[in-house]
Amino acid sequence: MSATVSQRLWRLHRQRLSAALSTTAPQASALSRVHQVLSEARREQQAERNEQAKRNEQAKRNEQAEAKKSSRLEDAKGKVADRRAPRRAHTEHRPADALVAMPKVFARTGQPADAEVAKIAVLGAANAGKSTLVNRLTGSPVSIVSARPQTTRSRIMACATEGNKQLVFLDTPGVVSMHSLRRVSRAVVTAPWLALAEASHLVLLLDAFKLTAKTDETERYLFAQLHKHCRVPAVLAVNKIDLCEDPDKLADKVHAYSQLYPYITDTVHISAHCGTNMDELKTLLLSRTRPGDWLLPRGVATDMSDLMVVEEAVRAGWFARMHGHLPYVVRQRNAGWQVVVVPVERQEHVWAHGTTTARVRTVEQRELVVSQELVVGSGSIAKILLGANGEAIREIRRSATESIARALGMPVRLHLQVVVEKDTRTRK
Ligand SMILES: Nc1nc2c(ncn2[C@@H]2O[C@H](COP(=O)(O)OP(=O)(O)OP(=O)(O)O)[C@@H](O)[C@H]2O)c(=O)[nH]1
Ligand SMILES: [Mg+2]
2 MSATVSQRLW RLHRQRLSAA LSTTAPQASA LSRVHQVLSE ARREQQAERN
52 EQAKRNEQAK RNEQAEAKKS SRLEDAKGKV ADRRAPRRAH TEHRPADALV
102 AMPKVFARTG QPADAEVAKI AVLGAANAGK STLVNRLTGS PVSIVSARPQ
152 TTRSRIMACA TEGNKQLVFL DTPGVVSMHS LRRVSRAVVT APWLALAEAS
202 HLVLLLDAFK LTAKTDETER YLFAQLHKHC RVPAVLAVNK IDLCEDPDKL
252 ADKVHAYSQL YPYITDTVHI SAHCGTNMDE LKTLLLSRTR PGDWLLPRGV
302 ATDMSDLMVV EEAVRAGWFA RMHGHLPYVV RQRNAGWQVV VVPVERQEHV
352 WAHGTTTARV RTVEQRELVV SQELVVGSGS IAKILLGANG EAIREIRRSA
402 TESIARALGM PVRLHLQVVV EKDTRTRK
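Take any residue in the sequence shown, note its place counting from 1, add 1, and you have its number in the working numbering.
Here's what the structure looks like:
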């Protein structure tokens with residue numbers, strides 16, 4: 002368009018020029034008239050160019066405003082979609098695959114030529130402190146601990162390696178006496194006995210407080226079964242001595258129990274919670290190792306799958322907050338599992354030529370995005386699990402996120418969703 006305007010202008014100025022030259026005025030005045038016309042032409046051309054530039058600028062601004070408006074609309078749509086979508090929408094909606102759910106297999110099996118190992122099953126009544134003891138002896142919070150009985154739901158392997166010796170502990174659910182069999186799920190009932198079958202040694206854990214102040218029906222059942230069916234050497238560990246108020250009664254009871262199973266080689270009084278006599282017990286167990294292949298590489302505390310780590314961390318949260326039979330009626334279901342790579346800004350201080358300068362560097366970081374559904378049988382249980390204004394579930398999420406990140410060594414975005422589904426099961 003500007004070319005056409007310029008052409009038009011030039012035509013106009015040529016006409017004016019020839020009109021000026023054809024006048025009868027003297028030559029000098031004709032020349033000045035030429036200059037005048039030419040400068041007028043230049044001015045008009047410049048004005049036209051400025052006008053065009055202004056129009057272009059305005060068009061650009063309009064375009065930008067339009068783009069901004071439509072992107073805001075897109076954002077708003079996205080936010081609405083997010084709000085409507087379930088929390089697991091942050092992941093690809095794909096639950097953890099078999100590899101994530103399976104116990105870890107380590108390709109690195111480096112071990113000394115004189116490697117020794119002992120596989121030790123820790124057996125006792127529910128709440129005796131088995132998980133506390135295993136965590137203490139391995140120095141890692143592998144197994145969850147709570148004041149509720151039957152917190153441990155399956156056999157959990159945890160390792161402590163010292164020099165050429167590896168102690169492999171099998172933490173087990175509390176032994177369930179015949180009397181309570183019908184109230185507890187089959188997997189929980191059988192797990193201690195299955196662990197017993199694969200162990201080379203036992204730690205039989207007694208609760209000093211319970212022995213002296215409460216019934217010891219479960220302990221009697223456990224020792225009777227061992228006496229009938231088992232020949233594995235054992236250490237009798239008397240836990241919670243910090244709570245015992247009647248040492249004489251305890252001594253009698255402990256003596257009686259040590260006679261019930263003839264393969265008990267030693268008796269140790271401990272407090273797993275306070276750390277009392279832990280070194281003595283560990284030294285005793287290390288002296289029981291035999292030449293054999295290590296089960297886990299040095300420095301690895303457990304073979305638990307990543308999914309199990311997540312499940313245990315979340316379960317620890319609601320076990321700590323719910324009372325009575327309620328913790329046992331919550332089931333977990335994995336709804337999403339994805340490891341994403343996110344750019345993260347890191348501040349660095351670079352020293353060069355005697356001065357330190359700060360700079361920001363963007364690095365790629367792996368992050369786990371995981372969604373767990375907590376399935377309950379009724380709306381009222383869901384309300385308890387959520388807490389007032391979702392306070393309880395937020396707290397569970399916060400503590401679980403922290404422990405998962407620590408265990409898996411990467412940042413975690415955990416989404417928890419409480420789902421109500423009718424369930425007729427009544428067993429713990
Ligand atoms: N005072 C005291 N408390 C202890 C001791 N050992 C464990 N506890 C507490 O006993 C409770 C049960 O501990 P756990 O380690 O979960 O017991 P558990 O035998 O693994 O229990 P289940 O997995 O339910 O069979 C927790 O509140 C512990 O803090 C101890 O030596 N002294
Ligand atoms: Mg336990």
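All C-beta atoms, glycine included, are put in the ideal place defined by N, C-alpha and C.
All of these numbers come straight from a predicted model, not from anything done at the bench.
Consult DSSP for residue i and reduce its assignment to one of helix, strand or coil.
i, result
"Phe224", "helix"
"Met305", "coil"
"Leu409", "helix"
"Arg15", "helix"
"Asn128", "coil"
"Met279", "helix"
"Val421", "strand"
"Asn240", "strand"
"Gln112", "coil"
"Ile394", "helix"
"Ala192", "helix"
"Met179", "helix"
"Ser372", "strand"
"Asn335", "strand"
"Ile1", "Lying outside 2 to 429, the shown extent of the chain, residue 1 is not represented and no answer is given."
"Val106", "coil"
"Gln167", "strand"
"Glu246", "coil"
"Ala97", "coil"
"Pro344", "strand"
"Ser322", "Residue identity check: residue 322 is Arg in the sequence provided, not Ser. Arg322: helix per DSSP, three-state reduction."
"Val255", "helix"
"Thr216", "coil"
"Ser381", "helix"
Once you ignore the five residues that flank residue i on each side, which residues in its own chain have a CB closer than 7 Å to its CB?
i, result
"Leu244", "Ala209 and Phe210"
"Met411", "Arg367, Glu368 and Leu369"
"Ile394", "Leu386, Leu387, Gly388, Leu417 and Val419"
"Val421", "Val377, Ser379, Gly380 and Ala383"
"Cys275", "Asp243"
"Gln16", "none"
"Ala82", "Bear in mind that a pLDDT of 40 at Ala82, under 50, signals an unreliable position, so the model cannot answer this."
Whose C-alpha, out of the options, is nearest the C-alpha of residue i?
i, options, result
"Asn240", "Val233, Ala48 and Pro248", "Pro248"
"Lys120", "Arg137, Val420, Ala102 and Met158", "Met158"
"Ala452", "Glu396, Asn335, Glu220 and Trp352", "For the chain, the structure presents residues 2 to 429; residue 452 sits outside this window and is missing."
"Leu227", "Arg362, Thr303, Arg56 and Trp194", "Trp194"
"Leu39", "Cys231, Leu13, Glu52 and Asn63", "Leu13"
"Gln339", "Arg95, Lys61, Glu49 and Gln8", "Arg95"
"Thr162", "Ser141, Gly175 and Thr152", "Ser141"
"Gly125", "Trp319, Val118, Leu212 and Gln59", "Leu212"
"Ala97", "Val351, Ser400, Gly337 and Arg360", "Gly337"
"Thr284", "Gly293, Val269 and Pro292", "Val269"
"Leu327", "Leu375, Glu313, Val351 and Ala314", "Leu375"
"Arg154", "Val351, Phe320 and Gly293", "Phe320"
"Thr303", "Leu206, His230, Gly325 and Cys160", "Cys160"
"Ala200", "Thr152, Ile271 and Ala122", "Ala122"
"Ala314", "Glu396, His36, Gln53 and Glu246", "Glu396"
"Ile271", "Leu308, Leu206, Glu246 and Lys254", "Leu206"
"Glu45", "Asn63, Gln8, Gln59 and Arg34", "Gln8"
"Gly175", "Arg332, Leu223, Ala198 and Arg399", "Leu223"
With a threshold of 8 Å on Cβ separation, who are the neighbours of residue i within its own chain once the five nearest residues in sequence on each side are excluded?
i, result
"Val310", "Ile405, Ala408 and Leu409"
"Glu365", "Val342, Val343, Pro344 and Val345"
"Ser57", "Strictly speaking, residue 57 in this sequence is Asn, with Ser absent from that position. Excluding positions up to five away in sequence, the list is empty."
"Met279", "Arg137, Leu138, Ile271 and Ala273"
Spatial neighbours of residue i within its chain, please: C-beta separation below 6 Å, excluding the five flanking residues on both sides.
i, result
"Ser306", "Ala102, Met103 and Pro104"
"Thr402", "Val413 and Leu415"
"Arg156", "Leu171, Thr173, Ala192 and Ala196"
"Ala273", "Gly130, Thr133, Leu134, Arg137 and Asn240"
"Asn128", "Pro150"
"Ile265", "Ala235, Leu237 and Ser259"
"Phe107", "Pro298"
"Thr363", "Pro344 and Glu346"
"Gly293", "Val118"
"Met2", "Residue placement at Met2 cannot be trusted, given a pLDDT of 44 that sits under 50; the coordinates are not used to answer."
Query raised in the report: How about the region 344–351 and the region 290–298: do they share at least three Cβ pairs that are nearer than 8 Å?
Result: no
Report task. Could you tell me whether the region 170–186 touches the region 354–362, using the rule of 3 or more Cβ pairs below 8 Å? Result -> no
Report task. Please confirm if the region 160–169 is in contact with the region 112–131, defined as three or more CB-CB distances below 8 Å between the two stretches. Result -> yes
**Report entry** At least 3 beta-carbon pairs within less than 8 Å: the region 135–146 vs the region 217–228
**Finding:** no
**Report entry** Segment contact flag, the region 252–260 with the region 271–290, C-beta cutoff 8 Å, min 3 pairs
**Finding:** no
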